[in-house]
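Here is the structure we will look at.
Protein chains: 2
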Amino acid sequence: MTDRVVPEGRRQRRRPTKQGAVLSERLIVETALNLIAWHGAEALSVRRLGAALGADPSALYRYFRNTDALLLAVADELIGRAQQGWTPTGYWRADLRTIGLRIHASYCSNPQAALLAAHRTTGRPHEIRAVETVLGVLREAGFPDGLAVRIYHAFVDQALAFAAQDAAALALPPAARATDAEVWQEVYGRLTPDTHPHIAAAFPLLAADMRSSGYPFALELMLDAVAALKPAADAG
Amino acid sequence: MTDRVVPEGRRQRRRPTKQGAVLSERLIVETALNLIAWHGAEALSVRRLGAALGADPSALYRYFRNTDALLLAVADELIGRAQQGWTPTGYWRADLRTIGLRIHASYCSNPQAALLAAHRTTGRPHEIRAVETVLGVLREAGFPDGLAVRIYHAFVDQALAFAAQDAAALALPPAARATDAEVWQEVYGRLTPDTHPHIAAAFPLLAADMRSSGYPFALELMLDAVAALKPAADAG
DNA sequence: ATCCGCACGTCAATGGTGTTGACGTAAGGT
DNA sequence: ACCTTACGTCAACACCATTGACGTGCGGAT
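Line by line, the protein sequences give chains A and B.
The first sequence begins at 1 in UniProt numbering and counts up one residue at a time.
The second sequence begins at 1 in UniProt numbering and counts up one residue at a time.
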């Protein structure tokens, strides 16, 4: 149970692996992201990552204490990517929409890591920056502090909750994902009007709508409600 | 790969296990919920569940095709508990609020299981009943089908997503939960106005608000927006 | 220029996981 | 009372994360 991890700063004596690769924390995180992108979330195992790196699987434990630490490092990379190259425009509604959709998209692009990250308060720089940005958008739009805080809370939690929800669906093993999709056709499609009148009546629309995420519409509803709460003046 | 599962209805020839237990789908689901509540989500493995039941692990495959099917059954049980002893009142807004809060409460009351279940479509009886109920509330309130479907989707996903989010927080080991709570005081409380003006200004309100779930307010915002979309007549 | 300590890549083993084919017992229908 | 077969059990397979032991060869020190 001795800790075989050496902090990235103090690292020395790098030695190529049998297959010639030179390992580093950065290379491992990027290889993990590529592995997931290319072979799907379920392909990320220590053994496969080792193989992809051209190293013995156990070499990873020189860089990360366990797979959890590795996934957190991957997740941290994701949070950064969500905010990369964007600044507020000054239009609160457009800004909130963009932030919400960016968080959602970034998490969905790497579901496995997102699942670990979405439920935690990290207190790390990227998270702090996001909090400051959202609060700033609301306060500068003229919402009084008490209201801004409640809206902030609802908005951020909703973005993270939906991101986790949709990421979880993407992270399922392919078999389970296929099952969930088929359930709508096979089970809900067969219900008859006399026992389930509403489902039967709405089924075609329902089956179509459930194929995509409910977040964009839920976000728009929230923005509608927030606009209605905005204190007079420039209803902007 | 032959299917060893016999549908619950046609089941016969029940035989006690070596240790005297008489298995049933219902007993297995309840044992699984107890196992999770008592030993945590990571304790749910086929082997341990078999042991808890006093049966050979492989006996489970006579009742569920695989662990995924078992999880779906557990999820459906939670949905069922959320609806127990409730029927719509005819006031769409009050009904939607009650359903949302009930789902949220049911999942939070069993956080470990909720985490495994909240992301799945079960296609099982309790879920079907919930879908029919929510759709019925919307359609009978006068929402046209297309709109009712989109609102249904946003509403249900929001409830499940927040339920999972808040269940995840409750499911953390006590030490980690305390740490996450302290982050707000320790990290966000120390930010200065010159680098983070908005967080600094709103901090007391923020720290207080973040202690409880953002769901009730988010739900109210969604209901506000839905009310505004309601086609004329009796504004709900 | 040489030496030496130890960092780090490798190997092998441990104990976990889900899942399945084969088997025999005993329960139900006849 | 028989016969069929449901279903509980056993054993095995292939995978997983993790860790103790080991020795190679790099880097710093001399």
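In this text, a Cβ means the ideal position worked out from N, Cα and C, and glycines have one as well.
- Nearest to B/R4 by C-alpha distance, out of B/Q83, B/V131, B/L60 and B/R93, is B/L60.
- Assignment of A/M222 by DSSP, reduced to helix, strand and coil, places it in the helix class.
- Fewer than three beta-carbon pairs drawn from the region 31-38 of chain B and the region 208-226 of chain A are found closer than 8 Å, and the two stretches are therefore not classed as touching.
- Taking the beta carbon of B/I199 as reference, the chain A residues within 8 Å of it are I128, V131, E132 and L135, listed in sequence order.
- Listed along chain A, the residues sitting closer than 8 Å to B/F162 by beta-carbon distance are D157, Q158 and A161.
- If you look at B/T98, you'll find it in the alpha helix (DSSP H) that goes W92 to C108.
- Taking a beta-carbon distance threshold of 8 Å, A/L206 counts as an interface residue toward chain B.
- Separation of B/I128 and B/A202 (C-alpha to C-alpha, rounded to the nearest whole angstrom) is 43 Å.
- Under the three-state reduction of DSSP, A/F162 is assigned to helix.
- Shown here for A/V137: same chain residues with a beta carbon closer than 8 Å to its own, the five before and five after excluded, namely P88, W92, D95, L96 and I99 in chain order.
- Shortest Cα-Cα distance from A/S106 to any of A/I79, A/P173 and A/T121 involves A/I79.
- Excluding its 5 nearest sequence neighbours in each direction, A/T121 has C-beta neighbours in its own chain below 8 Å: E127, listed in chain order.
- Using a CB distance cut-off of 8 Å, B/G146 counts as an interface residue toward chain A.
- Residue-level contact by beta carbon fails for A/G142 and chain B, as no gap is shorter than 8 Å.
- Here B/L44 carries a coil assignment [DSSP, helix/strand/coil].
- By the Cβ rule, the region 109-123 of chain A counts as touching the region 165-178 of chain A, because three or more pairs are nearer than 8 Å.
- Pairing A/I28 with A/Q19, the inter-Cα distance amounts to about 15 Å.
- Between the C-alpha atoms of A/R15 and A/V22 there is a straight-line separation of about 6 Å.
- Counting C-beta atoms within 10 angstroms of its own C-beta, A/N110 has 16 or more neighbours from the protein chains shown and is therefore classed as buried.
- Nearest CB-CB separation between A/D76 and chain B: not below the 8 Å threshold.
- Boundaries of the alpha helix (DSSP H) around A/H198: P197 to D209.
- It is roughly 55 Å from the alpha-carbon of A/P193 to the alpha-carbon of B/Q185.
- Taking all protein chains shown into account, A/D157 has 16 or more neighbouring C-beta atoms within 10 Å of its C-beta and is therefore buried.
- Contact check for A/D145 and B/L205: beta-carbon distance about 6 Å, within the 8 Å limit, so the pair qualifies.
- Here A/T179 is buried, its C-beta having at least 16 other C-beta atoms within 10 Å.
- For B/R97, the closest Cβ of chain A is not nearer than 8 Å.
- By the rule that beta-carbons nearer than 8 Å mark a contact, B/H196 touches chain A.
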